[in-house]
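Just so you know, the protein sequences line up as chains A and B, in that order. Read in order, the letters of the first sequence correspond to residues 1151 to 1463 in this note's numbering. Read in order, the letters of the second sequence correspond to residues 82 to 178 in this note's numbering. Glycine included, each C-beta is placed from N, C-alpha and C at the ideal position.
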Amino acid sequence: MNVALAFDLGLAALLVAIAGWTIAARANIGAIVLFMVDGLLLAIVWVRLSAVDVALTEAAIGGGVTSMLLLGAATRLKDTESNPEPAKLTLLLTAGALCALVSAGLAAVVFFLPDPAPTLAPVAMANLAETGLGNPVAGVLFAYRALDTLLEKVVLLLALVGVWSLARDEAWGGVPGLRVYARPNTILVFLAQLLPPIGIMVGIYMFWAGASQPGGAFQGGTVLAAMWLLVLLARLQQVPAISLPWVRLLLVIGPVLFVAIGFLGFLVADAFLAYPPGYAKPLIVIAEATLTLSIGVTLGLLVAGPPETRLQQ
Amino acid sequence: MRLALDIFTLVAVSAGGLLFMAGTAGLLRFPDTLTRLHALTKVDNLGLGLIVVGLLPQVDGPLAALKVVTVWLLGQFSGAIVSQLIARAARRAEHQQ
């Protein structure tokens, strides 16, 4: 057995063990911390599978933002947690059985794949040069399957509308009640002053590098969102009211521009979301730049939660 | 020369790994939050540092070396900050009891 195989086996065992521990953990916060650790380990697994793009996304979204969302939810649910009603056994068994069914289905899909698995990778690589991009993942996201990518961004906006719709009527348009996990103190302020310049640079680099190397709008936007949230948590800046025009503009500018480029495709390249020859890369980079911004603001506001404070007139 | 550098990498990375194990042992065995944090952060910073120094002869080019050193600095930075935050939270929890 060579070292790499031993490492992979250890990694897989650790992943499954921590996943089990996440389910067994009694306190919500504990389970979320374990989920976060599992997300980071899963990112290492994707690196081992040479899927660096997926690894970056998993670390940023799966481990990072999702955990922040769950932490926010857990903080909101804290009052109900002290006196939990024991779940009925039938409910637990049904949930367990359904989860097992999903896992078995996924396992079956993986195990019964023909060998070698069907792949479109050669076709994707063969036509990549026409897009001017160097990263095949970016090519799939913005050229071959651009419609999926567009819908993905719209879904993100819909999720935010869903969160906002939880607001009480009188708080509508007000300031989101970002739950504070650590009381603002000098150390947190220090971190929020020192890290964002580095983080913002990393976020922009991730989007910029995404055209030719692993990276992209989603990963870059998530890093930007993390930096913004850090500043908000340290109270160096106020959470903006959701009715502010610049907030709304930043939220929609990415998807709107992407749709505009899509319709432009009808005029200059005969199809929705088609790019005119020679202009594919600049158009994709513009779309990605604005999407990075929109994704950052959307994710930040998703974590900030529904508006709670009445808008000051 | 190559051999000497490889041996240097082997020794430094192994020492780093050993320190990580010592830090983990401290995390598991020490009696309270503050001492556990102490073990974890001190030893991890040094362990990560040794691994980074050990890997330096293996990277190609000064830019890659700079990246690895940056990772170390960011790791140290976050370690120091997070240990402070946890320690403060732990002390506050103690006072509340």
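Range of the contiguous alpha helix (DSSP H) that encloses residue i
i: Thr1244 of chain A; result: Leu1239 to Phe1261
i: Pro1457 of chain A; result: Looking at the DSSP string, Pro1457 of chain A is not in any alpha helix (DSSP H); the run it does join, the beta strand (DSSP E), is Pro1457 to Thr1459.
i: Thr1442 of chain A; result: Ala1430 to Ala1454
i: Gln165 of chain B; result: Pro143 to Gln177
i: Pro1347 of chain A; result: Thr1336 to Ala1359
i: Asp1203 of chain A; result: Val1202 to Thr1207
i: Asn1178 of chain A; result: Asn1178 to Arg1198
i: Gln1369 of chain A; result: Ala1367 to Leu1383
i: Asp1420 of chain A; result: Note, Asp1420 of chain A: premise wrong, no alpha helix (DSSP H); not H, not E.
i: Val124 of chain B; result: Thr114 to Leu136
i: Arg1318 of chain A; result: First-last for Arg1318 of chain A: undefined, no H or E at that position.
i: Pro1272 of chain A; result: Ala1271 to Ala1276
i: Gly1480 of chain A; result: Residue 1480 of chain A is absent from the model: chain A starts at 1151 and stops at 1463.
i: Val94 of chain B; result: Arg83 to Arg110
i: Ser1217 of chain A; result: Thr1216 to Arg1226
i: Phe1157 of chain A; result: Val1153 to Ala1174
i: Ala1288 of chain A; result: Pro1286 to Gly1289
C-alpha distance - residue i paired with residue j, whole-angstrom precision
i: Asp1203 of chain A; j: Thr1216 of chain A; result: 18 Å
i: Glu1302 of chain A; j: Leu1239 of chain A; result: 37 Å
i: Ala1317 of chain A; j: Gly1371 of chain A; result: 25 Å
i: Arg68 of chain B; j: Gly1189 of chain A; result: What the structure shows of chain B is the stretch from 82 to 178, and residue 68 of chain B is not part of that stretch, so it cannot be assessed.
i: Leu1227 of chain A; j: Pro1264 of chain A; result: 46 Å
i: Ala1271 of chain A; j: Ala1424 of chain A; result: 20 Å
i: Ala1193 of chain A; j: Ala1421 of chain A; result: 36 Å
i: Ala1254 of chain A; j: Leu1219 of chain A; result: 28 Å
i: Thr1336 of chain A; j: Leu1386 of chain A; result: 11 Å
i: Ala171 of chain B; j: Gln1363 of chain A; result: 42 Å
i: Val1252 of chain A; j: Gly1246 of chain A; result: 10 Å
i: Leu1155 of chain A; j: Ala1167 of chain A; result: 18 Å
i: Cys1249 of chain A; j: Val1402 of chain A; result: 36 Å
i: Val1183 of chain A; j: Ile1211 of chain A; result: 15 Å
i: Gln139 of chain B; j: Gly97 of chain B; result: 16 Å
i: Thr122 of chain B; j: Ser1200 of chain A; result: 31 Å
i: Ala1224 of chain A; j: Ser1315 of chain A; result: 19 Å
Outcome for residue i when other beta-carbon atoms lying within 10 angstroms are tallied against a minimum of 16
i: Leu1328 of chain A; result: buried
i: Ala1430 of chain A; result: buried
i: Gln1369 of chain A; result: buried
i: Phe1157 of chain A; result: exposed
i: Asp125 of chain B; result: buried
i: Ile1173 of chain A; result: exposed
i: Leu109 of chain B; result: exposed
i: Glu1448 of chain A; result: The sequence as given places Thr at residue 1448 of chain A; Glu does not occur at that position. Buried.
i: Ala120 of chain B; result: buried
i: Met102 of chain B; result: exposed
i: Trp1378 of chain A; result: buried
i: Phe1416 of chain A; result: exposed
i: Gly1170 of chain A; result: exposed
i: Met1275 of chain A; result: exposed
i: Gln1463 of chain A; result: Because Gln1463 of chain A sits at a pLDDT of 48, beneath the cut-off of 50, its placement in the model cannot be relied upon, and the following sentence gives the value as read from the coordinates. Exposed, by the Cβ-count rule.
i: Asn1152 of chain A; result: exposed
i: Pro1266 of chain A; result: exposed
i: Glu1191 of chain A; result: Before going on, a small fix: residue 1191 of chain A reads as Leu here, not Glu. Result: buried.
i: Thr1269 of chain A; result: exposed
i: Ser164 of chain B; result: buried
i: Gly1214 of chain A; result: buried
i: Ala1384 of chain A; result: buried
i: Leu147 of chain B; result: exposed
Given residue i as reference, the closest of the options once Cα atoms are compared
i: Ala1359 of chain A; options: A:Arg1198, A:Val1287, A:Arg1385 and A:Val1339; result: A:Val1287
i: Gly1428 of chain A; options: A:Val1406, A:Ala1175, A:Leu1283 and A:Val1325; result: A:Leu1283
i: Phe1292 of chain A; options: A:Leu1164, A:Ala1437, A:Val1305 and A:Pro1364; result: A:Ala1437
i: Arg1460 of chain A; options: A:Asp1319, A:Asn1152 and A:Ala1223; result: A:Asp1319
i: Leu1341 of chain A; options: B:Leu137, B:Ile162 and B:Leu100; result: B:Ile162
i: Leu1278 of chain A; options: A:Pro1268, A:Tyr1294 and A:Val1406; result: A:Tyr1294
i: Asp1229 of chain A; options: A:Ala1177, A:Leu1161 and A:Gly1324; result: A:Ala1177
i: Phe1185 of chain A; options: A:Glu1208, A:Trp1196, A:Ser1200 and A:Leu1199; result: A:Glu1208
i: Val94 of chain B; options: B:Gln165, B:Ile167 and B:Leu137; result: B:Leu137
i: Leu1206 of chain A; options: A:Val1311, A:Met1356 and A:Ser1315; result: A:Met1356
i: Ile1434 of chain A; options: A:Ala1367, A:Gly1446 and A:Ser1393; result: A:Ala1367
i: Ala1181 of chain A; options: A:Leu1241, A:Val1381 and A:Leu1221; result: A:Leu1221
i: Gly1446 of chain A; options: A:Val1195, A:Leu1400, A:Arg1198 and A:Val1406; result: A:Leu1400
is_contact[residue i, chain C] using C-beta, thresh 8 Å
i: Asn1178 of chain A; result: Checking the listed chains, one finds no chain C in this structure; the protein chains it contains are A and B.
Q: Specify whether the segment 1446 to 1460 of chain A and the segment 88 to 95 of chain B touch according to this definition: at least 3 beta carbon pairs, one from each stretch, less than 8 Å apart.
A: no
Q) Does the segment 1258 to 1267 of chain A come close enough to the segment 1393 to 1411 of chain A that 3 or more CB-CB pairs lie under 8 Å? A) no
Q) Quick check: the segment 1290 to 1300 of chain A against the segment 1433 to 1441 of chain A, are there 3 or more CB pairs under 8 Å? A) yes
Q.
Closer than 8 Å is the cut-off here; do at least three beta carbon pairs connect the segment 144 to 157 of chain B with the segment 125 to 133 of chain B?
A. yes
Q) Can at least three beta-carbon pairs, one atom from the segment 1368 to 1384 of chain A and one from the segment 1337 to 1352 of chain A, be found at a separation below 8 Å? A) yes
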